[in-house]
Amino acid sequence: MMPALMAAALIASPPLTSLWRRVVVETAVLQLERPDPGWQEEQRDCAGLVRFAYRTALDRLDPKLVPTLWSGPDGKPIAYSDAETLLAHSFRPLRREVVSIRPEDGDLLAFRHEGGPGGAPVFHLMIYVRAPEGDFVVYHPGERGASVRTGKVRELLEAAPAEWKPIPLNPRFLGVFVHRGLVTHG
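Printed below as a string of structure tokens:
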């Protein structure tokens with residue numbers, strides 16, 4: 001069984017899944033005002049925020065599962081994972097439509113841009129947060145020393161530059177992803 005699925009098997013009950021999602025979101029939102037000293041400076045990028053929020057949440061719920069949180073290409077547990085590896089081995093794509101499915105707390109919006117260092121693709125992740133006053137995302141822009149940011153989903157859909165719109169017509173938008181331990185969508 002893949003590590004992310006082992007964690008899923010133990011947190012599969014709806015109350016625990018909801019609690020895990022809530023703690024992931026709370027952890028990410030807390031980084032907006034003051035980054036947790038436990039989040040290492042050298043890991044402060046978008047994937048680092050995802051790893052930190054998910055790891056911190058799972059550590060609060062069941063610390064013995066933390067080593068099984070991320071899967072590598074061989075399906076074995078790994079401690080560190082970049083954005084591309086997270087998406088490929090620890091998360092599952094839901095679809096490329098944001099409005100009709102309304103992602104759940106803790107789901108990711110994922111983007112891929114070409115032309116990174118050495119011509120490699122650059123992946124970008126945003127943590128989805130449901131809110132009565134309007135859903136939003138929490139993300140780290142990736143630059144060293146930059147702060148965690150937030151943006152309203154409605155503004156991303158309507159006013160963001162084309163390459164950052166979470167819509168199916170945007171070839172850079174990979175879609176909505178859910179951690180394999182949180183699969184509750186159809």
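The letter at position 70 of the sequence shown is residue 70 when you use my numbering, and the numbering goes up by one with no holes. The C-beta atom is built at its ideal place from N, Cα and C for all residues, glycine as well.
Starting from V138, follow its DSSP beta bridges and name the residues at the other end.
Numbered from 1 along the sequence shown, position 138 holds the residue referred to as residue 138. Beta-bridge pairing links V138 to I127 and T150.
DSSP-derived helix/strand/coil call for L87
Taking the sequence shown and counting its residues from 1, one reaches residue 87 at position 87. For L87, the secondary structure class from DSSP, reduced to helix, strand or coil, is helix.
F177 and P93 - do their beta-carbons sit closer together than 8 Å?
As a working note, residue 93 is residue 93 in the sequence shown. As a working note, residue 177 is residue 177 in the sequence shown. Yes, they are a contact pair.
Nearest to A146 by CA position, among E26, S18 and Q43, is which residue?
For the purposes of this step, residue 146 is taken as residue 146 along the sequence shown, with counting starting at 1. Out of E26, S18 and Q43, Q43 has the C-alpha closest to the C-alpha of A146.
Do you know how far the Cα of R112 is from the Cα of S71?
As a position in the sequence shown, residue 71 is number 71, starting the count at 1. As a position in the sequence shown, residue 112 is number 112, starting the count at 1. Rounded to whole angstroms, S71 to R112 spans 20 Å at the Cα level.
Using CA coordinates, which residue listed in W20, I101 and G151 is at the minimum distance from L58?
Against the sequence shown, residue 58 aligns to sequence position 58. Considering only alpha carbons, the answer is W20.
Segment contact flag, the stretch 91–106 with the stretch 157–172, C-beta cutoff 8 Å, min 3 pairs
As far as the Cβ criterion goes, the stretch 91–106 touches the stretch 157–172, which means the pair count is three or higher.
How do the stretch 133–151 and the stretch 23–42 stand: do at least 3 beta-carbon pairs fall below 8 Å, yes or no?
Contact annotation: the stretch 133–151 touches the stretch 23–42, with at least three C-beta pairs closer than 8 Å.
Would you kindly report the start and end of the unbroken alpha helix (DSSP H) that includes L109?
As a working mapping, residue 109 is identified with position 109 in the sequence shown. Looking at the DSSP string, L109 is not in any alpha helix (DSSP H); the run it does join, the beta strand (DSSP E), is L108 to H113.
Residues in the same chain with beta-carbon distance under 6 Å from H179, minus the five sequence neighbours each way, listed in chain order, please.
In the sequence shown, the residue the question calls residue 179 occupies position 179. Hits under 6 Å: F91.
Hey, quick one: how far does the alpha helix (DSSP H) through E49 stretch, first residue to last?
Translated into the one-based positions of the sequence shown, residue 49 becomes position 49. Looking at the sequence itself, residue 49 is Leu, so the reference to Glu does not match. That run of the alpha helix (DSSP H) goes C46 to L61.
Among all the DSSP beta bridges, which residues are the ones paired with S71?
Position 71 of the sequence shown, counted from the start, is the residue given in the question as residue 71. According to DSSP, which records beta bridges pairwise, S71 is partnered with P77.
Look at the alpha carbon of G175 and the alpha carbon of F136, and state the distance between them as a whole number of angstroms.
Residue 175 sits at position 175 when you count from the first residue of the sequence shown. Residue 136 sits at position 136 when you count from the first residue of the sequence shown. Approximately 15 Å between the Cα atoms of the pair.
So, for S81: in the same chain, excluding its five sequence neighbours on each side, which residues have a beta-carbon less than 6 Å away from its beta-carbon?
Against the sequence shown, residue 81 aligns to sequence position 81. Residues W70 of the same chain have their beta carbon placed closer than 6 Å to that of S81, with the five preceding and five following residues left out of the count.
Would you report the Cα separation of V122 and P103, rounded to the nearest angstrom?
Position 122 of the sequence shown, counted from the start, is the residue given in the question as residue 122. Position 103 of the sequence shown, counted from the start, is the residue given in the question as residue 103. One C-alpha to the other measures close to 23 Å.
Just to confirm my understanding: we take V66, look at its own chain, exclude 5 residues before and 5 after, and list those with CB closer than 8 Å. What are they?
Mapped onto the sequence shown, residue 66 falls at position 66. Correct list, in chain order: R55, L58 and D59.
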